[in-house]
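Residue numbers (our numbering), protein chains in the order written: chain A, 1 to 167; chain B, 1001 to 1100; chain C, 2001 to 2665. Heads up: the structure comes next, in structure tokens.
This is the structure:
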């Protein structure tokens, strides 16, 4: 276990706990804030893995924009407070399914990449210029497509959310 | 330096939490948050493998996922606002007009 | 058509002046047939209502027949010609003519009497509402009789025979509005039918002799002559054929129809029931004479006995009749029996029997037509309502007298020569009992004939009608027939070479012999009978002079020996009321019941099938729909409307599939 690994384990624990807190919290605003913590820890993991650009984009967009959107949404829709108010009757089934999913995934991971044979690997080179090169050389077409998608999303959001003048 | 299975398990945990949140939360925005968790788990996976294989593909893909996630949250919240306007509540288990 | 040379010892001339008429004898048959069709289709629109076709056709046929007879007068031989009709397996059917002396003579008789009757009917049936139809059937009958006479094969003969039966039925029942007449017609038809059934079996037996290959009479006779057939078979066949004669020629016991047949118009009685149809039975025996000769002796004995009974019995019945036509009917029965008896005497009797047929046809037809003339004048058949008519109807009186004397057998009229001939043959064949019967019957015949003449023409007329002489269309034929009566007898007179015997004979010509003592005996008997009749009936009395002396015998005769009652009780009633009714019941109840029952069963089955269709099949179909509906009803609870519930399903499925695909597959 190297130092990076230790750091990773700490970040992973924090992230996991906050993720669980997101889905089990009784207060929606607390849940949103726990989401921030989870997202930040994920960004930390990216950094440990050597993907700097992705980590910064994560913080910028996810933490900076998306969570703010969530908070705005919560504000506009008068979210309720309380355990039963936040969870529906499928709690039991959902827990089972969630645990099942986790078990399944762990099984698959163990099958494909057993812990005993695992080898540590070098972090990636994820500096901005390298990522930029990759995007604008090999993946320029998906890049354009995504920009198109964002345009559509923008227009769509405006159309959906505007007030109807005709009643 | 980091062993791969650990990363993958972290991502699995995030994903499972997201699944529980999608299935068990009543508030629509809570469901959207859980979906974000799931997307993040996928991203972690992508980046981990990109590091393992020393390729850029995984990171580029993760960027695109983030972009799409942003767009999706925008639209999703627009729909939630619309739902709130018509029904005064955004509990997903009250949106069941298509039941038998 | 081919000409056969005659077999036997007689030599014939190869060709004569009349041979054309013989070779084309089929025209004689065709002429009345065509005229029947013409009268049927055009008669009602022709002036004179179609009688002209019939008279012309029969007149032409008569001329033809004279031409044919001329051939035999000059010594010509028989002629046979035929065309193939069709073949069934080995049996070969043909249409053909066989013309020998017998045929030629018969042709003359039939056409002459038919012509006389055709002309006579112009006057007698004048004004009748079915005048045209009468002439149609009259012509058709003539054609049928001619068919029988010229036919060379059994089937053709049978066809003509049966058509004659139908025409007789139609003509007897000409005035069918009166029930008696239609009853008489049915009685005639059925009684002759009873005789026709054995006749047909006889024909089949004869065809069987040839091995079912041909129906030709010549060939049948040839086969029989070979002697390979058992005599018993031939005897039975002969007896069966005689059945036809018994029926058609009204011999005992099937004689009952002829007196009743007098219900028909008098011209019909003259043609059919005196001269032609009843003579067909006699002709049959003559044509198939080989069969009778090759049969055992007892067959001809049976024939003689039947004929003798008929002759004597009918003559006795004629004594007590009041109806003038019935007297003549019984007289006909008696004279036919004479002919049959003559034929039963063998080869010698053939010539004599047919000579009597020849002469009898003329004078009996004459008598009937005279009777018709009398009936036409006084509008009644009964002699008790007549009397003293000789002042009013001289022509009728004189012609009737000639006919009566001929019937009684007075020289030199026709009846004398033919009866004398029969007596001679009976004597030569040593058939003494038949000789005696002939003689006694001759006496009785003379008696009732005179009785008839006395009651009708002598005494005073006390009736209410105004008798007058008949029109020329009626008296003309009377005079013609009277002349024939006087003349034809001479054809068989031995003193004049007995030419008749040279035309009609069996295998060899027999010289006719004149035996003086027989001739004297018969003349004496006839005069005895005539005198007795004259004396007894000279004055009219309220009751018949014979009634008292005869006592119960009179009643027996009046009731015709009670034979008719016997038939009614023993045969007609059981068949009609019991058997026919029983068969009818069987048909209505049992057979129709079966058919109806089948229908009922079918309906049950149909209902069963319907139930099956309704319950099982429709049930299955409806059930399928029900199951689909219920399943849907049950499954719809999956649609909770809750999106997260759907998501649960989604995730579970995905995980399962993922594990399956990655690990298992």
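Heads up, the beta-carbon is just placed ideally off N, CA and C, and yes, glycines get one too.
- Distances from the alpha-carbon of residue 2326 (chain C) to those of C:2351, C:2339, C:2364 put C:2364 closest.
- DSSP places residue 2649 (chain C) within a helical segment (H, G or I) once states are collapsed to three.
- With respect to the 9 Å criterion, residue 2490 (chain C) and residue 2417 (chain C) are classified as neighbours on the basis of their beta carbons.
- Bounds of the alpha helix (DSSP H) holding residue 1031 (chain B) are 1028-1053.
- In the DSSP secondary-structure assignment, residue 2475 (chain C) is not bridged to any residue.
- Proximity of residue 2648 (chain C) to chain B, defined by a Cβ-Cβ separation below 9 Å, is satisfied.
- Counting along the chain, residue 2079 (chain C) sits inside the beta strand (DSSP E) bounded by residues 2079-2088.
- Sequence-ordered contacts of the segment 1008-1021 of chain B with chain A read 1008, 1009, 1010, 1012, 1013, 1014, 1015, 1016, 1017, 1018, 1019, 1020, 1021 [C-beta pairs closer than 8 Å].
- In this model, residue 66 (chain A) and residue 31 (chain A) are separated by some 14 Å (Cα to Cα).
- Here DSSP, grouped into helix, strand and coil, assigns residue 2099 (chain C) to strand.
- Contact of residue 1006 (chain B) with chain A is assigned, a C-beta pair being separated by under 9 Å.
- Per DSSP, the beta bridge partners of residue 1002 (chain B) are A:121.
- At least one C-beta of chain B is nearer than 9 Å to the C-beta of residue 2639 (chain C).
- Approximately 13 Å separates the beta-carbon atoms of residue 1008 (chain B) and residue 16 (chain A); this is outside 8 Å, ruling out the contact.
- One thing to note: residue 2403 (chain C) has its Cβ no nearer than 9 Å to the Cβ of residue 2409 (chain C).
- Within a 10 Å sphere around the beta-carbon of residue 2241 (chain C) sit 16 or more other beta-carbons, which makes this residue buried.
- Bridge partners of residue 2214 (chain C) according to DSSP: C:2092.
- From the beta-carbon of residue 2642 (chain C), the residues of chain B found nearer than 9 Å are 1092, 1093, 1095, 1096, 1099.
- Looking at the DSSP output, residue 2151 (chain C) sits in a beta bridge with C:2097.
- Contact between residue 157 (chain A) and residue 1075 (chain B) holds: CB atoms are separated by about 6 Å, below the 8 Å threshold.
- In terms of beta-carbon proximity, residue 5 (chain A) lines the interface with chain B, with at least one pair separated by less than 9 Å.
- The beta carbon of residue 77 (chain A) sits closer than 9 Å to some beta carbon of chain B.
- The beta carbon of residue 2652 (chain C) falls within 9 Å of a beta carbon belonging to chain A, placing the residue at that interface.
- With distances taken between CA atoms, residue 2093 (chain C) lies nearest to C:2083 out of C:2083, C:2100, C:2101.
- With respect to chain C, the C-beta atom of residue 151 (chain A) has no partner C-beta closer than 9 Å.
- Annotation: the continuous alpha helix (DSSP H) that includes residue 15 (chain A) extends over 3-24.
- Rounded to whole angstroms, the gap between the alpha carbons of residue 2379 (chain C) and residue 2298 (chain C) is 49 Å.
- Here residue 2467 (chain C) is buried: its Cβ has 16 or more other Cβ atoms, across all protein chains shown, within 10 Å.
- For residue 2584 (chain C), the three-state secondary structure derived from DSSP is helix.
- In the three-state DSSP reduction, residue 2390 (chain C) falls in the coil class, being neither helix nor strand.
- Counting every other CB atom within 10 Å of its CB across the protein chains shown gives residue 2444 (chain C) a total of 16 or more, marking it as buried.
- The C-beta distance from residue 2124 (chain C) to residue 2266 (chain C) rounds to 7 Å, short enough to fall under 8 Å.
- Using a Cβ distance threshold of 9 Å, residue 90 (chain A) and residue 2645 (chain C) count as a contacting pair.
- Of C:2295, C:2479, C:2101, the smallest CA-CA separation from residue 2227 (chain C) is found for C:2295.
- Within the segment 2126-2191 of chain C, complete alpha helix (DSSP H) segments of at least 4 residues are found at 2131-2150, 2154-2172, given in chain order.
- Closest in alpha carbon position to residue 97 (chain A), among C:2649, C:2660, C:2533, C:2030, is C:2649.
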